[in-house]
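**Q** Numbering (my numbering), first residue to last: 11 to 743. From the three backbone atoms N, C-alpha and C, an ideal C-beta is built for every residue, glycine too. Could you have a look at this structure, given as structure tokens, before my questions?
Dropping the structure here:
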């Protein structure tokens, strides 16, 4: 056997050899060509979309990355404008989950925006052609021209696969273009193939059911056609109804249709067929024949390598330990690697404030710029390096294929609390942001499982909590290093993330045993092969997150910093001139509008060990959690004790109780405050998306209200226990 392998390219250009060997002509060359992209998860579909359009989508190795409508544009080599829609990753068109329903509605022309594709680009994984052709075969029956992008061609070569592309074109009857999307290979050929396919007829159906089964199915298809469906769509809908384990909601009120479905099921069973397996068995039999004639394997190197790694990574004992060790390393790196960059940004913000203060005349405008903008926004900007490092690690783990393994490891735990294993994928997304995490629950078929997941995703520590954690850990947790570079600061950060995860699992168990009772369903998860991450995709992903963070800093945080500065500055009141300057500033701040609001809040937060400054910062952070940091920065900027710029963490450590002289903020207070933020739902965007995803209207608001209420109660109770328990143990005051 040869030690080298090759993957064959088409023997003639794809623009010339198409379905049936015909060349296509362009219909209405001046019109915008509408193209929908669909494919299984982990095929590189979104990477291909990015390569075609130049837009940037997050690239990951698990289902649920693309759940929103994303549309882009490009021009073909001949200059025709193309509008391309990136559909959610789907394994089939059975519409078992909300994201699969989105894909099916668009392809059938039922999209609410009436966006009907003229060509469908199906992205398949060349290394797993047998699994990917199921969806391809379904799309080919919809009466729409199809182009197949045979993506990850390089991976197929590494795995020792030889694919006869011309023979595959013959078998499918559609254009097949080998691509390596992450390197841009084959992209121009795809554009040309799409343009040509628009002038070709839709592909013919490539497989049929046994004659008896087709005869039984015909009356049901005829009824659906009579209701207004296209014949191709009606046949697929009929197969879907036969395979359904329970009556579809849109069919429940149609007595005649329900009767005909029941009669068809009975007839098929009488003929010796299993209705729920009929379509899949026939399709996979056809697919098996196609792959036997088009794919040969000369090596199993790739699969063997992944299997050997998985024996360790997925081990019942070593797997979870490796996961925890990786997370500890990530969080320690957030502190260790980011520190030089943080110090540089702190220096830049401080020097910038001093320069502006020197240029501008004394007065309110200078106070606004220096104490409001620089102190408020600057106190948040210093955490940009840590956010970049965190998302770089997350991107590495996603693109390498490890995150899918983490979901597999957690499936056993998820089942014990009553959740579907798929719930862990949105929960993982919640580490970045709860909003896309909640939207990623659309991959969950069961509505009760989906709602239970929505209710607990915000407990996962998102990136907006990171500035709060890092400010408090960096200020009050000593940088003690224990082993392998992992120290107390990194372990404290890991503890906050684990605490949120455990709370989410506990809350899910309660929901699934009370309001959202239901059976626990098994999870079927595709584990992608291990891959070297694309540095370009990783850089784009990190840059996206950094831009989002900077945009929030330049809009929400800037606006709130200005408002908070005004509240901390006005009204100006007379102060005791005999007091030291520091005491005069403190008195002015206490008499300001912000101080009055803070003192009104203080009785509610004093049992937790917080003063009015923390109380008002918590209240302000409902807009966005990181506003807590900017609010504290604004408060201490207005109450600055001198001309020398001092980092916010140093000011917090130096703060003293004016009555007792004891430190206002201690390690115990800091830990209690972090615990509060682990549990509290301080994010208006999350509330809004919960309302929408939980059903909208009154029902959506009820679930969102319950979510906000139970999380706030949990936050207050946990922070109280930490603070009061710590005092009882003599850990600080």
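Could you confirm whether any beta carbon from chain C is found closer than 8 Å to the beta carbon of residue 235?
**A** Within the model displayed, chain C is absent; a lone protein chain is all it includes.
**Q** Below 8 Å on the Cβ atoms is my guess for residue 185 versus residue 208; work out the distance and round it to an integer in Å.
**A** That pair is no contact at about 11 Å.
**Q** Going along the chain, which unbroken runs of the alpha helix (DSSP H) with 4 or more residues stay wholly within the stretch 630-701?
**A** Runs found: 637-648, 658-664, 677-689.
**Q** Quick check on the DSSP output: the alpha helix (DSSP H) that includes residue 355 runs from which residue to which?
**A** Residue 355 -> alpha helix (DSSP H) spans 349-369.
**Q** My parser needs the alpha helix (DSSP H) runs of 4 or more residues fully inside the stretch 222-289; what are they?
**A** The stretch 222-289 contains these whole alpha helix (DSSP H) runs: 241-253, 265-280.
**Q** To the nearest angstrom, report how far apart residue 189 and residue 165 are at their CA atoms.
**A** The straight-line gap from Cα to Cα measures roughly 11 Å.
**Q** First and last residue of the beta strand (DSSP E) that includes residue 492?
**A** Element bounds for residue 492: 491-493.
**Q** May I ask which residues mark the beginning and end of the alpha helix (DSSP H) holding residue 58?
**A** Segment 55-63, the alpha helix (DSSP H) holding residue 58.
**Q** Please state if the CB of residue 96 and the CB of residue 452 are separated by a distance shorter than 8 Å.
**A** The answer is no: Cβ separation not under 8 Å.
**Q** For the beta strand (DSSP E) that residue 82 lies in, which residues bound it at each end?
**A** It spans 80-85 - the beta strand (DSSP E) in which residue 82 sits, taken as one unbroken run.
**Q** Starting from residue 502, trace the beta strand (DSSP E) both ways and give me its first and last residue.
**A** No beta strand (DSSP E) holds residue 502; the alpha helix (DSSP H) holding it covers 498-523.
**Q** Please return the same chain residues whose Cβ sits closer than 8 Å to the Cβ of residue 324, not counting the five positions on each side in sequence.
**A** These residues qualify, in order along the chain: 415, 418, 419.
**Q** Pull up the distance between the alpha-carbon of residue 13 and that of residue 198, whole angstroms please.
**A** With a pLDDT of 36 at residue 13, under the threshold of 50, the modelled position of this residue cannot be trusted, and the question is left open.
**Q** If you follow the alpha helix (DSSP H) that residue 44 is part of, which residue opens it and which one closes it?
**A** Careful: residue 44 lies outside any alpha helix (DSSP H), inside the beta strand (DSSP E) at 43-49.
**Q** Within the continuous beta strand (DSSP E) that includes residue 173, where are the two ends?
**A** Run containing residue 173: 171-173, per the beta strand (DSSP E) assignment.
**Q** What do you reckon, are the CB atoms on residue 61 and residue 243 nearer than 8 Å?
**A** Going by C-beta atoms, residue 61 is not nearer than 8 Å to residue 243.
**Q** Counting only runs of 4+ residues fully inside the stretch 113-165, write out the alpha helix (DSSP H) ranges in chain order.
**A** Runs of the alpha helix (DSSP H) inside the stretch 113-165: 139-149.
**Q** First and last residue of the beta strand (DSSP E) that includes residue 93?
**A** Unbroken beta strand (DSSP E) run through residue 93: 91-96.
**Q** Can you give me the C-alpha to C-alpha distance between residue 301 and residue 99, rounded to a whole angstrom?
**A** Whole-angstrom Cα-Cα distance: 22 Å.
**Q** Okay, do the stretch 677-684 and the stretch 484-492 touch, 3+ Cβ pairs below 8 Å being the bar?
**A** In short, these stretches touch, since the Cβ pair count reaches three.
**Q** In the DSSP assignment, find the beta strand (DSSP E) that holds residue 573 and state where it starts and stops.
**A** Counting along the chain, residue 573 falls outside any beta strand (DSSP E), though it belongs to the alpha helix (DSSP H) covering 568-579.
**Q** Counting pairs of beta carbons, one from the stretch 82-93 and one from the stretch 429-444, are three or more of them closer than 8 Å?
**A** No: the two stretches stay apart, fewer than three of their Cβ pairs being nearer than 8 Å.
**Q** From this set, 407, 611, 389, 630, which residue's C-alpha is nearest residue 658's C-alpha?
**A** The option with the nearest alpha carbon to residue 658 is 389.
**Q** From residue 741 to residue 508, what does the alpha carbon distance come to, in whole angstroms?
**A** Computed Cα separation, rounded: 23 Å.
**Q** Kindly indicate which three-state DSSP category residue 195 falls into: helix, strand or coil?
**A** Strand.
**Q** Tell me the residue span of the alpha helix (DSSP H) that contains residue 436.
**A** First-last of the alpha helix (DSSP H) with residue 436: 434-439.
**Q** Could you round the C-beta distance between residue 570 and residue 633 to whole angstroms and report it? I think they count as a contact, below 8 Å.
**A** Indeed they touch by this definition, with Cβ atoms about 6 Å apart.
**Q** Return the first residue and the last residue of the beta strand (DSSP E) that residue 477 is part of.
**A** Unbroken run through residue 477 is the alpha helix (DSSP H), 476-486; no beta strand (DSSP E).
**Q** When DSSP labels each residue in this structure, what does residue 726 get in the three-state scheme?
**A** Of the three classes helix, strand and coil, the one that applies to residue 726 here is helix, per DSSP.
**Q** What whole-angstrom Cβ distance do residue 578 and residue 602 have, given they're in contact under 8 Å?
**A** With a Cβ gap of about 5 Å, residue 578 and residue 602 count as contacting.
**Q** Tell me whether residue 580 is buried or exposed, calling it buried when 16 or more other Cβ atoms sit within 10 Å of its Cβ.
**A** Residue 580 is exposed by the Cβ-count criterion.
**Q** Which residues does DSSP list as the beta-bridge partners of residue 395?
**A** Beta-bridge pairing links residue 395 to no other residue.
**Q** Is it a yes or a no for the stretch 449-467 touching the stretch 609-621, going by three-plus beta-carbon pairs under 8 Å?
**A** No: fewer than three Cβ pairs fall under 8 Å.
**Q** Leaving out the 5 sequence neighbours to the left and right, which residues in its chain are closer than 6 Å to residue 710 when beta-carbon positions are compared?
**A** Around residue 710: 701, 704.
**Q** What did DSSP end up calling residue 211 once you bin it into helix, strand or coil?
**A** Reduced to three states, the DSSP call for residue 211 is coil.
**Q** Can you give me the start and stop residues for the beta strand (DSSP E) that residue 306 sits inside?
**A** Element bounds for residue 306: 305-307.
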